[in-house]
Amino acid sequence: MTDRAFDDIPGTLLFDGKRSRLGYHLNMFCMSLLHADNRAAFKHDEDAYLARFPLLTAEQRAAIRGRRWNEMLQLGGNVYYTAKLAATDGLPVASMSAAMAGLPPEDYVRMMVGGGRSPAWTGR
Amino acid sequence: MSAAHIFAGIGASHVPAIGAALDLGKASEPYWAPLFAGFAPTREWIAREKPDALILVYNDHASAFSLEVIPTFALGCAAEFAPADEGWGPRKVPVVKGDPALAWHLAEALILDEFDMTIVNKMDVDHGLTVPLSLLFGQVDAWPCTVVPLAVNVIQYPPPTGKRCYALGKAIRRAVASFPEARKIAIVGTGGLSHQLQGPRAGLINRDWDARFLDGLTADPEALSRIPHLDYVREAGSEGIEMVMWLIMRGALEEQVDELYRFYHVPASSTAVGHIVLVNRAGSP
């Protein structure tokens, strides 16, 4: 992931083929949470449930357990998949986005109501 | 004019939180009221126009499809489509009635016209499809018309180009013209406008970009169709690339259109909500 034309866009990961390959099992774990019985099993014992996905890497497993949303994306996650993990936690998508932006949810909402993040933002 | 014809194109965002606000009775709260008020003129207009069918261009958000199968263009040909469980139970909205005769005609005509559609006979539909229906028709016991879902991949990079989407729209117009049954059809392009849900840049909104995009739908859609993918991602956010789906809607209209209505509102959750109604210019075929 070093030589593509989109790598310079600040604070943004594009879900291209390389990331999709890297994150296949992470995303398919998230996909499994669309089923109510799987959500219940995951909530009951997260490690036992994650053991059903033997091809997850140790890094992916730890990022999931820690709900480290940006790290999940760096490890091949896609936001529409990780949103299913957030939903399982009862977390609105906007709160997940806020966490990735490094803002408390109420500050994120305030930024959005104020017109959102400027396109001139460079990540400082 | 043939028996079947597309009389109007509608663009509308499809933010899931809009559906949740409506379903949970929050539509009159100060945060949401301006948004729903902005769609009221269109609800009145479409109630008068009474289309028989919608062709609804949207994207599935890992609900019916996952990374197992990623169709670029998938046409729903089933008799009905159930609202999907997206992790908190399906939305309590009516089952969507399909239009198999029209959908199969489109599939055959488009494939023979060299647009290689994926044919789908079983598919649940998520907020990408049901939120625009709620915005157009409100809370109803049954949707007032049939729907042909056209699901476009905009999640796995690369989505189809704007140029390809615009050309597909034109092919849809040709295909509808050869359908032998009577149908008054509106085509709906959904998604966008500028937004980014992910990463440290989450929350990006670009009003100027959005305004130029809405202007261009009437003024110069050919120019819009030449915007490269990365310009959307760079300028309108990683999820802003959904806007290519509006170009399918625009391509399916006549070259000359009139803008009947426009509405723009920030925010719904993380998104700039855009809405436009376009009709073929009086006197166009």
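Top line first, the protein sequences correspond to chains A and B. Read left to right, the first sequence gives residues 102 to 225 (my numbering). Read left to right, the second sequence gives residues 874 to 1158 (my numbering). All C-beta atoms in this analysis are idealised placements derived from N, C-alpha and C, irrespective of residue type, glycine included. None of the values given here were measured: they were computed from a predicted structure.
* Asked: Within 8 Å (strictly less), CB to CB, does PHE116 (chain A) reach chain B?
  -> yes
* Out of B:ILE1149, B:LEU1126, B:ASP986, point me to the one whose CA is closest to GLY1065 (chain B)'s CA. => B:ILE1149
* What are the boundary residues of the beta strand (DSSP E) that includes TYR125 (chain A)? -> No beta strand (DSSP E) contains TYR125 (chain A), which is instead part of the alpha helix (DSSP H) from 125-133.
* Report all residues from its chain with a CB closer than 7 Å to the CB of GLU1132 (chain B); omit the five preceding and five following residues, and keep chain order. => THR1091, ILE1149, LEU1151
* Can a CB atom of chain A be found closer than 8 Å to the CB of ASP1083 (chain B)? -> no
* **Option in B:HIS1068, B:ALA976, B:VAL1130, B:ASN1026 with minimal Cα separation from ASP1088 (chain B)** => For ASP1088 (chain B), the closest of B:HIS1068, B:ALA976, B:VAL1130, B:ASN1026 by C-alpha to C-alpha distance is B:VAL1130.
* Asked: Given a threshold of 16 other Cβ atoms within 10 Å of its Cβ, counted over all protein chains shown, does VAL1020 (chain B) qualify as buried or as exposed?
  -> buried
* Can you check whether the CB of HIS1138 (chain B) is closer than 8 Å to the CB of LEU908 (chain B)? -> yes
* Asked: Taking 8 Å as the CB-CB limit, is TYR1030 (chain B) close to chain A?
  -> yes
* Backbone CA spacing between ASN994 (chain B) and GLU953 (chain B) [nearest angstrom] -> 9 Å
* Nearest to THR1144 (chain B) by alpha carbon, out of B:ALA877, B:GLY882, B:ALA890? -> When the alpha-carbon of THR1144 (chain B) is set against those of B:ALA877, B:GLY882, B:ALA890, the nearest one is in B:ALA890.
* For LEU1023 (chain B) and GLY1062 (chain B), the rounded distance between their alpha carbons -> Put simply, the backbone Cα of GLY1062 (chain B) is about 10 Å away from that of LEU1023 (chain B).
* Asked: Can you list, in chain order, the residues of its chain whose CB lies under 6 Å from that of LEU1008 (chain B), leaving out five sequence neighbours each side?
  -> Once the five neighbours on either side are set aside, the close Cβ partners of LEU1008 (chain B) are ALA885, PHE912.
* Considering only residues of the same chain and omitting the five flanking positions on each side of ALA937 (chain B), which have a CB-CB separation below 6 Å? -> MET996, ASP997
* Please name the residue in A:THR158, A:ALA137, A:ARG153 whose C-alpha comes closest to that of ARG122 (chain A). => A:THR158
* Would you say LEU940 (chain B) and PHE988 (chain B) are within 8 Å of each other, going by their C-beta atoms? -> no
* Contact with chain A by ARG1099 (chain B), beta-carbon distance below 8 Å -> Judged by the 8 Å Cβ criterion, ARG1099 (chain B) is not in contact with chain A.
* To do: Would you mind working out which of B:ALA947, B:LEU979, B:HIS1000 sits nearest TRP961 (chain B), comparing C-alpha positions?
  => B:HIS1000
* Please look up how many angstroms separate the CB atoms of GLY1035 (chain B) and SER1067 (chain B), rounded, as I've assumed it's under 8 Å. => The Cβ separation is near 15 Å, so there is no contact.
* To do: Can you have a look at VAL942 (chain B) and say buried or exposed, based on whether 16 or more other CB atoms are within 10 angstroms of its CB?
  => exposed
* **Boundaries (first-last residue) of the alpha helix (DSSP H) holding THR183 (chain A)** => 180-189
* Is the CB-CB distance between ILE1117 (chain B) and CYS1018 (chain B) below 8 Å? -> The sequence shown places Val at residue 1117 (chain B), not Ile. Their beta carbons are not under 8 Å apart, which means VAL1117 (chain B) does not touch CYS1018 (chain B) by this criterion.
* Contact list for ARG218 (chain A) against chain B, beta-carbon separation under 7 Å -> Contact note: ARG218 (chain A) reaches chain B through ARG1074, GLY1076, LEU1077, ILE1078, using a C-beta cutoff of 7 Å and chain order.
* Asked: Under three-state DSSP, which class holds MET102 (chain A)?
  -> Low per-residue confidence applies at MET102 (chain A): pLDDT is 43, beneath 50, and the placement is therefore not dependable enough to give any value.
* Which parts of the region 919-970 of chain B are runs of the beta strand (DSSP E), unbroken and 3 residues or longer, counting only runs that do not cross its ends? -> 926-931, 946-949
* What span of residues does the alpha helix (DSSP H) with ASN171 (chain A) cover, start to end? -> 170-175
* To do: Going by DSSP, name the residue or residues bridged to TYR1137 (chain B).
  => B:GLY1147
* **Proximity to TYR181 (chain A) [Cα-Cα], best of A:LYS119, A:GLY112, A:ALA106, A:MET129** => A:MET129
* With DSSP collapsed to three states, give me the class of ARG1056 (chain B). => strand
* Integer-rounded CB distance, given that LEU156 (chain A) should sit under 8 Å from PHE143 (chain A) -> With 8 Å as the limit, PHE143 (chain A) and LEU156 (chain A) do not qualify as a contact, their Cβ atoms being about 17 Å apart.
* To do: Give the secondary structure of GLU1132 (chain B) by DSSP, where H, G and I count as helix, E and B as strand, and everything else as coil.
  => strand
* Taking 8 Å as the threshold, find out whether the region 168-181 of chain A comes into contact with the region 1068-1078 of chain B through three or more Cβ pairs. => Contact between the region 168-181 of chain A and the region 1068-1078 of chain B is present: three or more C-beta pairs spanning the two stretches fall below 8 Å.
* Give the range of the beta strand (DSSP E) segment to which PRO1022 (chain B) is assigned. => 1019-1025
* Do ASP986 (chain B) and ARG1046 (chain B) have their C-beta atoms within less than 8 Å of each other? -> no
* Should VAL1013 (chain B) be flagged as near chain A, meaning a C-beta pair shorter than 8 Å? -> It does not: the Cβ of VAL1013 (chain B) has no partner Cβ on chain A nearer than 8 Å.
* From B:LEU1103, B:GLU922, B:ALA1050, pick the residue whose C-alpha is nearest to that of ALA877 (chain B); which is it? -> B:ALA1050
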